[in-house]
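>
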Amino acid sequence: MDNARLTAMLETLLVPSAGVPLSALAQSASRAGLPRDLAGSVFEQRGILLEALGDEADAARVVDALTRRFVEYVQGKNQFLPFSSDWPTLRSIFHGALVDVRGAIAESASATELDRLLRRALGAHLARLDELVRSLCPEPDRADDVLGAEPTSDEYSAELQLSVLRLELLDLMEPVLDVGCGTGASLVHYLRAYGLEAHGIDLVVPNDPPLAQADWMTYAYGVSRWGTVIAHMSFTNHFVFQDQCSEEQAEKYALTYMRILRSLKPGGAFHYAPAVPFIERHLPGEFLITRRPVAALSGPETTAGEQPSEERWHELVCAVRVHKRR
Ligand SMILES: C[S@@+](CC[C@H](N)C(=O)[O-])C[C@H]1O[C@@H](n2cnc3c(N)ncnc32)[C@H](O)[C@@H]1O
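Numbering (my numbering), first residue to last: 719 to 1044.
Okay, structure coming up:
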């Protein structure tokens, strides 16, 4: 069985795909049956599966793929859960689940027995995922809703991103880094098609240059390395959210924002939307800020001196350019 088929089969089993609280999924997994025929086909292929899951390198690749799929699932349900520092925990949960699945296959003498053991393993696995998601939820009493329908994470066309940020290809200094580029990385591919050296990072892209699977909080941006950094509806969107609900997280975002600015070459720029006025007003004079309201794309530019009040910032959804003077 090739790695892709193995991953697909385990994904059906171990990565949730319904917008139901994980706790409810965990309970129904241990009570109800698995997807039709799953235990049957796992049982049929048990020899190959045991061999594949026993291979450390194969198992590590499967763990990576399942972890990424789960984060994608969560991002699709609620993009603001701060998964950043929890990848090792997530990976170990999926690793544990593979060990349990392997144990269940090895122990079972029939498809019926395997169905029972897999349900038990799946229930325990979903309960562990539920516990992790709850620990990340800023309001524990709302944890059951945390994977509800809002607020989801969308991806946008390259043209729309360039138009919101008012970017012309000729203005972009290379190399370009798209922070939170999205799984489709549409902007990175678009810029490269025009011959620009562009790279992208995202929690849920495969590690495949010019894309890198990385957390924007811990990524090594470097110093004076990027001509242009772009973050459309990504890093600053989360910064705004954390600024409202967690002082500790907001502080980490502020430090990362400054690391991004330090990574600009002289003459380079950081372009993003939405705006983060609460930090922009404190930037040193070496940075020149241009802000344009997104709702009125043809509107006049404002300068850093004309700050929105805290009460009105949400009305002023802006595209911002922070230019590092030469
Ligand atoms: C709303 S999407 C925007 C994607 C793209 N910039 C666009 O405009 O189409 C936000 C992206 O941020 C990514 N993301 C969220 N938290 C992240 C983190 N800590 N590190 C890297 N990427 C993250 C998500 O995986 C998602 O792809």
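A virtual CB, placed ideally from N, CA and C, is assigned to each residue, including glycine. Model, not experiment: these values are computed from the prediction.
1. Would you mind working out which of 809, 933 and 928 sits nearest residue 911, comparing C-alpha positions?
2. Need the endpoints of the beta strand (DSSP E) that residue 946 sits in, please.
3. If you draw a straight line from the alpha carbon of residue 956 to that of residue 798, how long is it in whole angstroms?
4. Just tell me which of 880, 1002 and 921 has its CA closest to the CA of residue 1012.
5. Does the distance from the C-beta atom of residue 953 to that of residue 936 stay below 9 Å?
6. Three-state secondary structure (DSSP) at residue 1020?
7. What residue range does the beta strand (DSSP E) around residue 1008 cover?
8. So, helix, strand or coil for residue 1039, using DSSP?
9. Residue 818 by DSSP, collapsed to three states: which one?
10. Give the range of the beta strand (DSSP E) segment to which residue 984 is assigned.
11. Just checking my contact of residue 991 with residue 1037 at CB under 8 Å: how many whole Å lie between their CB atoms?
12. Hey, out of 806, 828, 733 and 768, whose CA is closest to residue 819's CA?
13. Residue 813: which of 795, 775 and 827 sits nearest, CA to CA?
14. Quick check: the Cα distance between residue 925 and residue 969, rounded to an integer number of angstroms?
15. Rounded to whole angstroms, what is the Cα-Cα separation between residue 913 and residue 1042?
16. Leaving out the 5 sequence neighbours to the left and right, which residues in its chain are closer than 7 Å to residue 835 when beta-carbon positions are compared?
17. Please classify residue 999: is it buried, with 16 or more other beta-carbons within 10 angstroms of its beta-carbon, or exposed?
18. From the DSSP output, in three-state form, read off residue 733 for me.
19. In its own chain, which residues sit with a C-beta less than 7 Å from the C-beta of residue 779, not counting the 5 before and 5 after it?
20. Count the other C-beta atoms from every protein chain shown that fall within 10 angstroms of the C-beta of residue 1044, then say buried if there are 16 or more, exposed otherwise.
21. Kindly indicate which three-state DSSP category residue 758 falls into: helix, strand or coil?
22. Let me check you understand the geometry: is the CB of residue 986 closer than 8 Å to at least one non-hydrogen atom of ligand 1?
23. Which whole-angstrom value describes the C-beta separation of residue 897 and residue 934, a residue pair presumed to lie in contact below a C-beta threshold of 8 Å?
24. Determine the closest residue to residue 922 out of 916, 832 and 932, with distance taken between C-alpha atoms.
25. If you measure between the beta carbons of residue 777 and residue 816, is that distance less than 9 Å?
26. Give me the Cα-Cα distance between residue 790 and residue 782, rounded to the nearest whole angstrom.
27. To which residues of the same chain is residue 901 closer than 8 Å at the C-beta, ignoring the five residues directly before and after it?
28. Return the chain-ordered list of same chain residues with a C-beta closer than 6 Å to the C-beta of residue 727, the five sequence neighbours on each side being excluded.
29. Tell me which residues share the same chain as residue 730 and place their Cβ nearer than 7 Å to its Cβ, disregarding the 5 neighbours each side in the sequence.
30. Using a Cβ-based criterion (distance less than 8 Å to any ligand heavy atom), does residue 874 qualify as near ligand 1?
Put simply:
1. 928
2. 944-950
3. 7 Å
4. 880
5. no
6. At residue 1020, the pLDDT of 48 sits below 50, so the modelled position is not reliable; the number obtained from the coordinates is stated separately. Strand at residue 1020.
7. 1005-1011
8. strand
9. helix
10. 982-991
11. 4 Å
12. 768
13. 775
14. 28 Å
15. 24 Å
16. 822, 825 and 826
17. exposed
18. coil
19. 721
20. exposed
21. helix
22. no
23. 5 Å
24. 932
25. yes
26. 12 Å
27. 790, 873, 920, 922 and 923
28. none
29. 753 and 756
30. yes
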